[in-house]
Every structure is written in structure tokens, then in C-alpha cells.
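Visitor: Residue numbers (my numbering): 15 to 187.
The structure is given below, and queries will be raised subsequently.
Here is the structure:
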């Protein structure tokens, strides 16, 4: 059974395309991920269900047309319209090692070490122009750290650890 902490969102199914089960999708991930992932996942009636990509092609820069195994007509493809698309975090991590940019929500669930302080990234606050990691420390405090590359000194996607060095004043806010 696939659980929420095993997957990460990469996009959304849009609408059916034609009558043979092809479906358009907006995907914010490297193309290499679609080439190398074992499956994509969607929430169908509260259960994360794997779907296997038979073929895909570009429609525009971040829009793809997907052909999925065992979806052979537009009625079958309709069950995916407007559904979120996920992939396994472990497979996403492998592809990211070769990429320059990592989406900030990838770090949710990571253990965080900030200036030696331990905690977990429990959420991302993107309600303002400055995106923040919401970190719950081991002593129960909640701290907000800007999610900027300059503060990240190291991260290990396999062990799900991120290390950051920030000005001490940020910890006192």
C-alpha cells in the first residue's frame, strides 16, 4: 500500500485528449523522471493507486500527453481528470541528484539540523513572497526558516536530512 509520506506531487491531470484514453497533464518535474519512474500515482477514492506510463509526448513546455496502461478510451481517462499526480519520493530523489533545482515541498518530512538545532520540516509556508520551512524542533517549538539555497549547507535525499546554517537572529524570531 502506498502512503502519503512515500510520494511527492509533480503535477495534475488536465483533460482527456482524443478517444483512445490519452490524457493531458501539467507536470513540474524533469522529463527524466517520466522516463525513469516505475509508475505515477493518483488518489482514487482515498487510496493511492499506481498507474504505469505506456508513452508520453510534449504538448508544451510543462504540458504532456500521457498514454497509461489499461486506459483505452476517453471514459476510462475521465476518472483521472483534475487529479493530482504523484511519484515515489525515492525515484524523484534519484533524478534530482542530476538536477540543479529541487522544489521546496520535496523537503517536507526531512530531518532538519539548523545551527545544530534538531527538528523536522513539517510544512512549507508560501503565503508570502518569502517561502519558509516550518520546522518543529525536538523540544516542541516551531521555527520558520527561509527556504533559500544560501542557508542550505547539505542535504541527503536518501536519509532525508537537510543541514542549514542561518543567522542566529532568525532562530530568536
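Ideal Cβ positions, reconstructed from N, Cα and C, are used throughout, including at glycine.
Everything numeric in this text was worked out from a predicted model, so none of it was measured.
1) Output the distance between the C-alpha atoms of residue 72 and residue 64, rounded to the nearest integer angstrom.
2) Please state whether the Cβ-Cβ distance between residue 136 and residue 150 is less than 8 Å.
3) Under 8 Å, with one C-beta from each stretch per pair, do the segment 122 to 129 and the segment 66 to 86 reach the 3-pair mark?
4) Taking the beta carbon of residue 141 as the centre, do at least 16 other beta carbons fall within 10 Å, making it buried, or is it exposed?
5) Taking the runs of the beta strand (DSSP E) that are 3 residues or longer, which of them lie wholly in the segment 44 to 96?
6) Which partner residues of residue 170 appear in the DSSP bridge assignment?
7) Determine the DSSP secondary structure at residue 148, reduced to helix, strand or coil.
8) Residue range of the beta strand (DSSP E) that residue 36 falls in?
9) According to the neighbour-count rule (16 or more other Cβ atoms, all chains shown, within 10 Å of its Cβ), is residue 167 buried or exposed?
10) Buried or exposed: which applies to residue 35, given that a residue is buried once 16 or more other Cβ atoms fall within 10 Å of its Cβ?
11) Measuring alpha carbon to alpha carbon, tell me which of 105, 66 and 88 ends up nearest residue 82.
12) Output the boundary residues of the alpha helix (DSSP H) element that contains residue 20.
13) Taking the alpha carbon of residue 39 as the point to measure from, which residue in 33, 46, 106 and 54 has its own alpha carbon closest?
14) Do residue 148 and residue 138 have their beta-carbon atoms positioned less than 8 Å apart in this structure?
15) Using a 10 Å radius around the Cβ and a threshold of 16 neighbouring Cβ atoms, would you call residue 56 buried or exposed?
16) Closest by CA to residue 156, which one among 62, 49, 28 and 132?
17) Quick one: residues in its chain with C-beta nearer than 7 Å to the C-beta of residue 159, no 5 flanking neighbours on either side, listed in chain order?
18) Would a C-beta distance cut-off of 8 Å place residue 108 and residue 23 closer than the cut-off?
Guide: Taking the structure as given:
1) The residue given as residue 72 occupies position 58 in the chain shown. The residue given as residue 64 occupies position 50 in the chain shown. Rounded to whole angstroms, residue 72 to residue 64 spans 22 Å at the Cα level.
2) Within the chain shown, residue 136 is the residue found at index 122, counting from 1. Within the chain shown, residue 150 is the residue found at index 136, counting from 1. Against a cut-off of 8 Å, the Cβ pair of residue 150 and residue 136 comes out as a contact.
3) no
4) By 1-based counting over the chain shown, the position of residue 141 is 127. Residue 141 comes out exposed.
5) 54 to 58, 61 to 65, 67 to 72 and 77 to 82
6) Counted from its first residue, the chain shown places residue 170 at position 156. Partner(s): 175.
7) Here residue 148 refers to the residue found at position 134 of the chain shown. It is a strand residue.
8) Start at 1 with the first residue of the chain shown, and residue 36 comes out as number 22. From DSSP, the beta strand (DSSP E) with residue 36 extends over 36 to 41.
9) Your numbering for residue 167 matches position 153 in the chain shown. So residue 167 ends up on the exposed side.
10) The residue given as residue 35 occupies position 21 in the chain shown. Buried: at least 16 other Cβ atoms inside 10 Å.
11) Residue numbering aside, residue 82 sits at position 68 when the chain shown is read from its first letter. For residue 82, the nearest C-alpha among the options comes from 66.
12) Counting from 1 along the chain shown, the entry for residue 20 is found at position 6. Segment: none, residue 20 is in no alpha helix (DSSP H) and carries neither H nor E.
13) Here residue 39 refers to the residue found at position 25 when the chain shown is read from its first residue. The residue with the shortest Cα to Cα distance from residue 39 is 54.
14) The sequence position of residue 138 within the chain shown is 124, counting from 1. The sequence position of residue 148 within the chain shown is 134, counting from 1. Their beta carbons are under 8 Å apart, which means residue 138 touches residue 148 by this criterion.
15) Numbered from 1 along the chain shown, position 42 holds the residue referred to as residue 56. Buried is the call here.
16) Numbered from 1 along the chain shown, position 142 holds the residue referred to as residue 156. Closest by alpha carbon: 132.
17) The residue you call residue 159 lines up with position 145 of the chain shown. 128, 146, 147, 149, 165, 178, 180 and 184.
18) Your numbering for residue 108 matches position 94 in the chain shown. Your numbering for residue 23 matches position 9 in the chain shown. Contact: no.
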